[in-house]
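Participant: Dropping the structure in here first, questions after.
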Amino acid sequence: MALTPGTRLGVYEVTAQIGEGGMGQVFRARDTKLNRDVALKILPDPFASDSDRLTRFTREAQTLAALNHPNIAHIHGLEESGGITALVMELVEGEDLSQRIARGAIPLEEALPIAKQIAEALEAAHEQGIIHRDLKPANIKVRTDGTVKVLDFGLAKAIDPVSALSTDASQSPTLTSPAMTQMGMILGTAAYMAPEQAKGRAVDRRADIWAFGCVLYEMLNGKRAFGGEDVSDTLANVLKSEPDWTALPALMPIPIRRLLRRSVEKDRKRRLDSAAAARLEIDEAITAPATGEGVAPVVLAAPRWRRVLPWAVAAVAFIAAVTTLFLWVPWRKASPPAPLRVSAELGADVSLVIAEGASAPAGNAAVVSPDGSQLAFVARPHGGGAPRLYVRRLDQLTATPLAGTENAVGPFFSPDGQWLGFFGGGTLKKIAVTGGTPVTLADVTNARGGSWAEDETIVFSPGTQRGGSLWRVPAADGTAERLTTLAQGEGTHRWPQVLPGGRAVLYTVSAIVGDLTNAWLAVQPPAHRHSAYRPARRLLRPLSP
1 MALTPGTRLG VYEVTAQIGE GGMGQVFRAR DTKLNRDVAL KILPDPFASD
51 SDRLTRFTRE AQTLAALNHP NIAHIHGLEE SGGITALVME LVEGEDLSQR
101 IARGAIPLEE ALPIAKQIAE ALEAAHEQGI IHRDLKPANI KVRTDGTVKV
151 LDFGLAKAID PVSALSTDAS QSPTLTSPAM TQMGMILGTA AYMAPEQAKG
201 RAVDRRADIW AFGCVLYEML NGKRAFGGED VSDTLANVLK SEPDWTALPA
251 LMPIPIRRLL RRSVEKDRKR RLDSAAAARL EIDEAITAPA TGEGVAPVVL
301 AAPRWRRVLP WAVAAVAFIA AVTTLFLWVP WRKASPPAPL RVSAELGADV
351 SLVIAEGASA PAGNAAVVSP DGSQLAFVAR PHGGGAPRLY VRRLDQLTAT
401 PLAGTENAVG PFFSPDGQWL GFFGGGTLKK IAVTGGTPVT LADVTNARGG
451 SWAEDETIVF SPGTQRGGSL WRVPAADGTA ERLTTLAQGE GTHRWPQVLP
501 GGRAVLYTVS AIVGDLTNAW LAVQPPAHRH SAYRPARRLL RPLSP
């Protein structure tokens, strides 16, 4: 029985077809009994002749109907008439996110409130044990008043579509299976599938978190996190590739960068495990959107006193400068600057790791970013476990552990504060301060310090390995090369520190490895990569023990 405008299905009168996909056709209809408009999702024909499948679907639909949340489209019931079975749902006016994204990336201030409502919908459903399984922009509508409605919650499991995979990765339905929860069957839409979903393995709420991260990425970038020419190509990218993080807006709140990276972790054990955690990250970004790049809350309209204030401050500064000039006398002895003491709580239930065993540490246990906004440190959780790297913004109360940095030592920041270099597992590595997978840069078996230069090279000391001299390696990954050469009477070069502006490298020279009785500081001017440094200049007399 074909449905056309004017067709009656029980008390519902069809007025127009409004959609079609892998899970059936969707019609706008009028409830003649309650005088309201509804959406009718007509189930695929095989349901009419498969009583077991229809029974299972009815059971799932009853569970979904129990969901009652302002950001979830409500299910009113089931209607059967003339061999047609339809799911009666709340009719949500407005465009879906796929239509909005088709016009371009969504500005951050508009995207975050949408993302927060999606997270709240997922949180409510997950608390009831219901997983969406097919979250994508086409299943998310934004009403004209800004309210977000997530559609088709749990229907990927309930409907069990029977059509073949489409060549359009954004709308591809799922593979058919007699039992949708069995392992070995793909369930979801290719462009938003979690890796475990793409492999046909059992899924939990973390599959929805992955899809949520993909949707948020697409909102902010205007392009999919994992694209492809067809379904197979898309699934291959889901399993093998990473999103293009450089394509995201440069001025992005750190909580959102952290949320995106943790949402699309391929290893679900390292993935963000709850929609509530996603919502908290978004709340933090909305209330305090500052980032390492210095983003501040946007002021839409500055009052008159704010426009005048800079000129007033400038005038006061000028008067103060003139007064200081008249009062200052060159023969007066300048007062030494007062010592600056910085105190910061770690922001985590951990113990700072200064050194492991009897061996000397590979560098500082705690470091502050160049702009003074972040603290990175190596600490051991009080509950037990290996020491690892933590990062805490000093304008926030808690520190965040960085997964994959177990047994890290000697952390140091990149000049822009967006990366951390560290040593661990016999290698030199780097990791984004927002988290992610650490990148190995060089083999270092006995590290003795590292420093990140503004020319995007890292100077490091492998200790007695590689002749005891300093080496450098491109921070973007490459081949390490020797930087210094031991002179006669020198046993090791270590603890390098690239001076501001890359003007020189300061480091410690010791005549005897492991003995600082006869050690001194040396400075060496820089040179272009692949060219030799000029000879080092000795700065200090031998240090006392």
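Mapping of the sequence shown onto the working numbering: position 79 corresponds to residue 79, and the numbering continues sequentially without gaps. We put the CB at the ideal spot given by N, CA and C, even for glycine.
Comparing alpha-carbon positions, which option in Trp-210, Thr-440, Ile-118, Ser-351 lies nearest Pro-401?
Facilitator: Here the closest residue by C-alpha is Ser-351.
Participant: The alpha helix (DSSP H) that contains Ile-114, what's its start and end?
Facilitator: Element bounds for Ile-114: 108-127.
Participant: Taking contact to mean at least 3 C-beta pairs separated by less than 8 Å, is the stretch 234-253 in contact with the stretch 64-82?
Facilitator: Flag = no, the stretch 234-253 and the stretch 64-82 do not touch.
Participant: For Met-89, which beta-bridge partners are listed by DSSP?
Facilitator: Answer by DSSP bridge pairing, in chain order: Ala-39, Ile-75.
Participant: What is the DSSP secondary structure of Leu-402, counted as helix, strand or coil?
Facilitator: Three-state result, Leu-402: coil.
Participant: For Tyr-12, which residues in the same chain have their Cβ closer than 8 Å to its Cβ, ignoring the five residues on either side in sequence?
Facilitator: If we look at Tyr-12 and ignore the five residues flanking it on each side, its Cβ neighbours are Ala-29, Arg-30, Asp-31, Thr-32, Val-38, Leu-40, Glu-79, Ala-86, Val-88.
Participant: Could you name the residues of the same chain whose beta carbon sits closer than 6 Å to that of Ala-366, not counting the 5 residues immediately before and after it, in chain order?
Facilitator: Once the five neighbours on either side are set aside, the close Cβ partners of Ala-366 are Phe-377.
Participant: Locate the beta strand (DSSP E) running through Pro-496, then write down its first and last residues.
Facilitator: Taken as a continuous stretch (DSSP letters only), the beta strand (DSSP E) holding Pro-496 covers 492-498.
Participant: Excluding five sequence neighbours on each side, which residues of the same chain lie with their C-beta closer than 8 Å to the C-beta of Leu-486?
Facilitator: Excluding positions up to five away in sequence, the list reads Gly-467, Gly-468, Ser-469, Thr-492, His-493.
Participant: Between the C-alpha atoms of Asn-518 and Trp-495, what's the straight-line distance to the nearest angstrom?
Facilitator: In a straight line, the C-alpha of Asn-518 is about 16 Å away from that of Trp-495.
Participant: Around the Cβ of Ser-51, are there at least 16 other Cβ atoms within 10 angstroms (buried) or fewer (exposed)?
Facilitator: Exposed.
Participant: Would you grab the beta carbon distance between Arg-388 and Ala-408 for me? Rounded to a whole angstrom, and I think it's under 8 Å.
Facilitator: That pair is a contact at about 6 Å.
Participant: Enumerate in chain order the residues of its own chain whose CB-to-CB distance from Lys-116 is below 8 Å, with the five nearest sequence positions on each side excluded.
Facilitator: Only Arg-279, Ile-282, Asp-283, Ile-286 meet the Cβ criterion.
Participant: Output yes or no for whether 8 Å exceeds the beta carbon distance between Ala-73 and Lys-149.
Facilitator: Closer than 8 Å, so yes.
Participant: Here's a check: name, in chain order, each residue in its chain whose Cβ is nearer than 6 Å to the Cβ of Gln-182, leaving out the five neighbours to either side.
Facilitator: The predicted position of Gln-182 is uncertain, since its pLDDT is 35 and thus under 50; no value can be drawn from it.
Participant: Which residue from Pro-462, Pro-411, Ala-236 puts its Cα closest to that of Ala-432?
Facilitator: Nearest of Pro-462, Pro-411, Ala-236 to Ala-432, Cα basis: Pro-411.
Participant: Thinking C-alpha only, which one of Thr-63, Glu-109, Asp-416 is nearest Gly-129?
Facilitator: When each option's Cα is compared against that of Gly-129, the closest is Thr-63.
Participant: Write down every uninterrupted run of the beta strand (DSSP E) in the stretch 422-479 whose length is 3 residues or greater and which is fully enclosed by it, in chain order.
Facilitator: Taking only runs of at least 3 residues, the beta strand (DSSP E) segments lying wholly in the stretch 422-479 are 427-432, 439-443, 450-452, 457-460, 471-474.
Participant: Identify whether Gly-222 lies in helix, strand or coil by the three-state DSSP scheme.
Facilitator: Looking at Gly-222 - three-state DSSP - the assignment turns out to be coil, as it is neither helix nor strand.
Participant: Do Val-473 and Leu-441 have their C-beta atoms within less than 8 Å of each other?
Facilitator: Closer than 8 Å, so yes.
Participant: Where do the N-terminal and C-terminal ends of the beta strand (DSSP E) with Leu-374 fall, by residue?
Facilitator: Checking the sequence shown, residue 374 turns out to be Gln, not Leu. Per DSSP, Gln-374 belongs to the beta strand (DSSP E) from 374-381.
Participant: Leaving out five residues before and five after Glu-123 in sequence, what residues of the same chain have Cβ atoms less than 7 Å from its Cβ?
Facilitator: The answer, listed in chain order, is Ala-275, Ala-276, Arg-279.
Participant: Provide the residue span of the alpha helix (DSSP H) that contains Leu-235, from first to last.
Facilitator: First-last of the alpha helix (DSSP H) with Leu-235: 231-240.
Participant: Secondary structure at Glu-345, three-state DSSP: helix, strand or coil?
Facilitator: Correct three-state label for Glu-345: coil.
Participant: Given this structure, state the Cα-to-Cα distance separating Arg-258 from Phe-27, to the nearest angstrom.
Facilitator: The straight-line gap from Cα to Cα measures roughly 40 Å.
Participant: Look up Gln-524 in the DSSP assignment and say whether it is helix, strand or coil.
Facilitator: Strand at Gln-524.
Participant: Suppose you measure from the CA of Asp-134 to the CA of Phe-212; what does that come to, to the nearest Å?
Facilitator: Taking the straight line joining both Cα atoms gives about 10 Å.
Participant: Is Gly-417 buried or exposed, if buried means 16 or more other CB atoms sit within 10 Å of its CB?
Facilitator: Buried: at least 16 other Cβ atoms inside 10 Å.
Participant: Within a Cβ cutoff of 7 Å, which residues of the same chain sit near Asp-371, ignoring the five residues on either side of it in sequence?
Facilitator: These residues qualify, in order along the chain: Gly-417.
Participant: What span of residues does the beta strand (DSSP E) with Pro-411 cover, start to end?
Facilitator: Segment 409-413, the beta strand (DSSP E) holding Pro-411.
Participant: Just grab the DSSP bridge partners of Lys-141 for me.
Facilitator: Answer is Asp-96, Lys-149, bridged to Lys-141.
Participant: Let's test the definition: count the other Cβ atoms within 10 Å of the Cβ of Pro-255 and tell me whether it reaches 16, buried, or not, exposed.
Facilitator: Burial call: buried.
Participant: With H, G and I counted as helix, E and B as strand and the rest as coil, what does DSSP make of Ile-131?
Facilitator: The answer is coil: DSSP assigns Ile-131 none of H, G, I, E or B.
Participant: How many Å lie between Asp-242 and Cys-214 at the Cα?
Facilitator: Checking the displayed sequence, the identity of residue 242 turns out to be Glu instead of Asp. Going by the C-alpha atoms only, they are around 11 Å apart.
Participant: How far does the alpha helix (DSSP H) with Ser-597 in it extend, from its first residue to its last?
Facilitator: No answer is possible for residue 597: it lies beyond the span of the chain, which begins at 1 and ends at 545.
Participant: Run through DSSP, which three-state label would Glu-13 get?
Facilitator: Here Glu-13 sits in strand by DSSP.
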